[in-house]
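What follows is one structure encoded as structure tokens, with my remarks underneath.
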Amino acid sequence: MPQIQIPTPLRQYAGKQATVDVSAKNVGEALNGLITQHPELRRHLYTDDGSLRAFVNVYVNDEDMRYLQKEATALKDGDTISIVPSIAGGC
Amino acid sequence: MATLTEAKPEAVLSNDEILRYSRHLIMPEVGMEGQQKLKAAKVLCIGAGGLGSPLALYLTAAGVGTLGIVDFDVVDYTNLQRQIIHTTADVGRKKLDSAADKLKAINPYINLRTFDTRLSSANALELFREFDIIADGTDNFPTRYLVNDACVLTGKPNVYGSIFRFEGQASVFATENGPCYRCLYPEPPPPGLVPSCAEGGVLGILPGLVGVIQATETIKLILGQGDPLIGRLLLVDALGMKFRELKLRKSADCPACGKNPTVKELIDYNEFCGVRGEEAPVATDVPTVTVQELKQQLDSKKDLFILDVREPHEYQICNLNGYLIPLGDLPKRVHELDSSREIVAHCRSGVRSGKAVAFLRQAGFKKVRNLTGGILEWADKIDPGMPKY
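Going down the list, the sequences are from chains A and B. Just so you know, the first sequence maps onto residues 320 to 410 in this note's numbering. Just so you know, the second sequence maps onto residues 187 to 575 in this note's numbering.
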């Protein structure tokens, strides 16, 4: 089953979990499964018109899904999806 | 790869310097040539805080010949848990003065240039042109985008690091053929959606870990050695102690460094990031109560319900005996509140409770007000014995 890695700033909306397992054939299904399990995540990942927010990047293993087949990128067992939002802290 | 700085004749080392850098000089990756490159190099650190502390300390110790630091801030007690260039005795001093003392004490041979100013669209390009490499140790989105765009426009590599709680990111942006920060994140998050370190906290060692990675990358760029983090985003998870790496690509559509760039000059980055000034957006249109008014009403035994919307670990530090519902839990626990009672909501400084009041009013609560300045203001004006955090 593919696993989604939840970054620290979003864990509070995902039941404080660092990873969520989802059963999905592609990235779009996996993200859908994630926000079905954790509805509060929706507004942090998607804009009101349903597109993925520009400051949230989604990786399949170490590759940016924008350079694969985006939401249609196929998943296989053991794949890791990483949600990588921008963080700005430094002081 | 091509090196950024060629050893110049004036970068010849004195005998004292040769002794000082002997552990560099005897390794083939640095050697005399590398040490002279370090001496000829000019690096600008943006910020002398969490990331800037280890960056400046190590670059100075390593013998980077010219080190610039931009900062406008003053040392306070909450900095000392992580900003290791500053000491307790420095509280109240300018961070630049405090940092300069330590750096000169470590290495009197470097040329230290301090810029007592806030980096802005008006001064960034001129400043960056005087340096070879920019190390970004800032703490907010507007400055992140400003540093990136100014690096792209001046053609200077941006050695990037950022942190949140126990997680960090590092990369090298804006090299000639590599991606820039905007290739990764074309747009900033809306204000308030991503918490800052001041709001979310940060493990004290984390800026050390990430700042040292930035220092390492800076030195590698100067030496022209190894594989720099160009086209790679390093993710650091200090809790799991895991380092992961993601691939970054230069985006043809990038507004800053793509084929048809739209960023041709520096813009208003506060506007770009939806922030006015440095203040976090506060819900100003909600009814408020001052700490003095609250004190008076409590003293006169007025029936008030104090709602504390902070996190349980904050409640343990100090509290006003309020009823605790963290802001994030409010929507699902709103039924615990009685809308017929007068409610005063508070948090640490008034930002989160402002959001809570706005939410409750939308939910039909008419008699709910926000405590201006939060429990910090209470500690300042009403109860000096209360700890602040």
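Backbone N, C-alpha and C fix where the C-beta goes; we use that ideal spot for every residue, glycine too.
Please confirm whether Leu-493 of chain B and Leu-480 of chain B have their CB atoms less than 9 Å apart.
Position 307 of the second sequence holds residue 493 of chain B. Position 294 of the second sequence holds residue 480 of chain B. No, these two residues do not count as a Cβ contact at 9 Å.
For chain B, find out if any of its Cβ atoms is closer than 9 Å to the Cβ of Pro-321 of chain A; answer yes or no.
Taking the first sequence and counting its residues from 1, the one referred to as residue 321 of chain A is at position 2. Not flagged as an interface residue toward chain B: Pro-321 of chain A, since no C-beta distance is shorter than 9 Å.
Chain B partners of Gln-331 of chain A, CB-CB under 7 Å?
Your numbering for residue 331 of chain A matches position 12 in the first sequence. Going along chain B in sequence order, the residues near Gln-331 of chain A (Cβ under 7 Å) are Gly-514.
Would you be able to state if there are at least three C-beta pairs under 8 Å between the region 234 to 243 of chain B and the region 435 to 446 of chain B?
Because the criterion of three Cβ pairs below 8 Å is not met, the region 435 to 446 of chain B and the region 234 to 243 of chain B do not touch.
Test: Lys-433 of chain B CB closer than 9 Å to a CB of chain A
Working through the second sequence from its first residue, we reach residue 433 of chain B at position 247. Between Lys-433 of chain B and chain A, the shortest Cβ-Cβ separation is below 9 Å.
Measuring CB atoms only, is the region 386 to 393 of chain B touching the region 263 to 275 of chain B, in the sense that at least three cross pairs come out at less than 8 Å?
These segments touch.
Mind listing, in chain order, the continuous alpha helix (DSSP H) runs of no fewer than 4 residues lying wholly within the region 194 to 233 of chain B?
Within the region 194 to 233 of chain B, the runs of alpha helix (DSSP H) that reach at least 4 residues and sit entirely inside it are, in chain order, 201 to 206, 208 to 211 and 217 to 226.
Rounded to a whole number of angstroms, what is the C-alpha to C-alpha distance between Thr-355 of chain A and Ile-453 of chain B?
Here the question's residue 355 of chain A lines up with position 36 in the first sequence. Here the question's residue 453 of chain B lines up with position 267 in the second sequence. Using only the alpha carbons, I get a separation of about 39 Å.
Of the residues B:Ile-503, B:Ile-399 and B:Ala-356, the one placed nearest Lys-433 of chain B, counting alpha carbons only
Numbered from 1 along the second sequence, position 247 holds the residue referred to as residue 433 of chain B. Out of B:Ile-503, B:Ile-399 and B:Ala-356, the CA that lies nearest to the CA of Lys-433 of chain B is found in B:Ala-356.
Between the C-alpha atoms of Arg-547 of chain B and Ala-531 of chain B, what's the straight-line distance to the nearest angstrom?
Along the second sequence, read from residue 1 onward, the residue named residue 547 of chain B stands at position 361. Along the second sequence, read from residue 1 onward, the residue named residue 531 of chain B stands at position 345. Using only the alpha carbons, I get a separation of about 12 Å.
Note the first and the last residue of the continuous alpha helix (DSSP H) segment covering Ile-408 of chain B.
Here residue 408 of chain B refers to the residue found at position 222 of the second sequence. It spans 392 to 409 - the alpha helix (DSSP H) in which Ile-408 of chain B sits, taken as one unbroken run.
Which value, in whole angstroms, describes the spacing of the CA atoms of Gly-238 of chain B and Leu-409 of chain B?
Translated into the one-based positions of the second sequence, residue 238 of chain B becomes position 52. Translated into the one-based positions of the second sequence, residue 409 of chain B becomes position 223. Cα-Cα distance, rounded: 21 Å.
Local conformation of Leu-150 of chain B per DSSP, three classes:
The question about residue 150 of chain B has no answer here: the residues shown for chain B are numbered 187 through 575.
Of all the CB atoms in chain A, is at least one closer than 9 Å to the CB of Glu-465 of chain B?
Translated into the one-based positions of the second sequence, residue 465 of chain B becomes position 279. Residue placement at Glu-465 of chain B cannot be trusted, given a pLDDT of 42 that sits under 50; the coordinates are not used to answer.
Are the region 318 to 328 of chain B and the region 218 to 233 of chain B in contact at 8 Å, needing three or more beta carbon pairs?
With the cut-off at 8 Å, the region 318 to 328 of chain B and the region 218 to 233 of chain B touch.
On a Cα-Cα basis, can you pick out the residue from A:Thr-392, A:Gly-408 and A:Leu-329 that is closest to Pro-358 of chain A?
Numbered from 1 along the first sequence, position 39 holds the residue referred to as residue 358 of chain A. Restricting attention to A:Thr-392, A:Gly-408 and A:Leu-329, the CA atom closest to the CA of Pro-358 of chain A is found in A:Leu-329.
Would Val-338 of chain B count as contacting chain A if we go by Cβ distances under 9 Å?
Your numbering for residue 338 of chain B matches position 152 in the second sequence. Cβ-Cβ to chain A under 9 Å: no for Val-338 of chain B.
So is Lys-310 of chain A buried or exposed if we call it buried at 16+ other beta carbons inside 10 Å?
Missing from the structure shown is residue 310 of chain A; chain A here goes from 320 to 410 and no further.
Burial state of Glu-362 of chain B, where buried means 16 or more other Cβ atoms lie within 10 Å:
Residue numbering aside, residue 362 of chain B sits at position 176 when the second sequence is read from its first letter. Counting Cβ neighbours within 10 Å, Glu-362 of chain B comes out exposed, since fewer than 16 surround it.
Pairing CB atoms from the region 538 to 546 of chain B with CB atoms from the region 554 to 570 of chain B, are three or more of them under 8 Å?
Verdict: yes, contact present.
Pull the bridge partners of Lys-280 of chain B from the DSSP assignment, please.
Reading the second sequence from its first residue, position 94 is the one you call residue 280 of chain B. Looking at the DSSP assignment, Lys-280 of chain B forms a beta bridge with B:Val-260.
Output, in chain order, the set of chain A residues within a Cβ distance shorter than 8 Å of Thr-274 of chain B.
Translated into the one-based positions of the second sequence, residue 274 of chain B becomes position 88. The premise fails here: Thr-274 of chain B is roughly 18 Å from chain A at the closest Cβ pair, so nothing lies under 8 Å.
State the Cα-Cα distance for the pair Gln-222 of chain B and Val-339 of chain A, rounded to the nearest angstrom.
Translated into the one-based positions of the second sequence, residue 222 of chain B becomes position 36. Translated into the one-based positions of the first sequence, residue 339 of chain A becomes position 20. Those two C-alpha atoms are separated by around 51 Å.
If you follow the alpha helix (DSSP H) that Asp-566 of chain B is in, where does it begin and where does it stop?
Residue numbering aside, residue 566 of chain B sits at position 380 when the second sequence is read from its first letter. Taken as a continuous stretch (DSSP letters only), the alpha helix (DSSP H) holding Asp-566 of chain B covers 560 to 567.
With DSSP collapsed to three states, give me the class of Gly-463 of chain B.
Reading the second sequence from its first residue, position 277 is the one you call residue 463 of chain B. Per-residue confidence for Gly-463 of chain B stands at a pLDDT of 41, beneath the threshold of 50, marking its modelled position as unreliable; the derived number appears in the next sentence. If DSSP states are grouped into helix, strand and coil, Gly-463 of chain B belongs with coil.
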